[in-house]
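So the sequence shown is numbered by numbering that gives the first Met the number 0: it starts at 0 and just counts up by one.
The block underneath contains the structure these notes are about, expressed in structure tokens.
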Amino acid sequence: MPKKSHGSRTGKPPKPGFRGRVWVDGPEGTFIGYGRVVLLERIMEHGSISKAAKSMEMAYRHAWDLVDSMNRQAKRPFIVLATGGKGGGGAQVTAAGRKAIKLFRQFHKDLEAFLRREEKKLRL
């Protein structure tokens, strides 16, 4: 029986070629990576960790742990929280968080370009 491909959520087999993942380690382990960046982007979109987690089919507790980990390891917090009240709580991505998203997305784009170039060298 064929093995499922890594990272394929569409159910379709991946196209042959190079693939790569990149993440940045910090003092506690993973600091930021693709999934954490998507979480930050979803928090920007939804204004809430809970709604962002739900949109990613992720448990709220796991999303909270990821946000807490990033905030602890960053020089400046990536997410600030508003406590509940009449309008409820919420979460907002800070300028440091937006900068991290931008830098990571550029780095990821550069990695993909590198992988495409290297893949061409191996095609005989």
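Each residue gets a CB set at the ideal place from its N, CA and C atoms; glycine is no exception.
Residue i to residue j span [Cα, whole Å]
i, j, result
"residue 46", "residue 89", "6 Å"
"residue 13", "residue 117", "18 Å"
"residue 113", "residue 82", "43 Å"
"residue 18", "residue 107", "11 Å"
"residue 100", "residue 58", "22 Å"
"residue 69", "residue 54", "20 Å"
"residue 73", "residue 23", "11 Å"
"residue 104", "residue 20", "12 Å"
"residue 65", "residue 109", "25 Å"
"residue 37", "residue 80", "18 Å"
"residue 49", "residue 31", "19 Å"
In DSSP terms, what residue i is bridged to
i, result
"residue 23", "31"
CB contact below 8 Å: residue i versus chain C
i, result
"residue 48", "Here there is only one protein chain, and chain C is not present."
For this session: Starting from the N-terminal side, write out each stretch of the alpha helix (DSSP H) that is 4 residues or longer and does not extend beyond the stretch 26-113.
Result: As far as the stretch 26-113 is concerned, its whole alpha helix (DSSP H) runs of at least 4 residues are 33-45, 48-54, 59-72.
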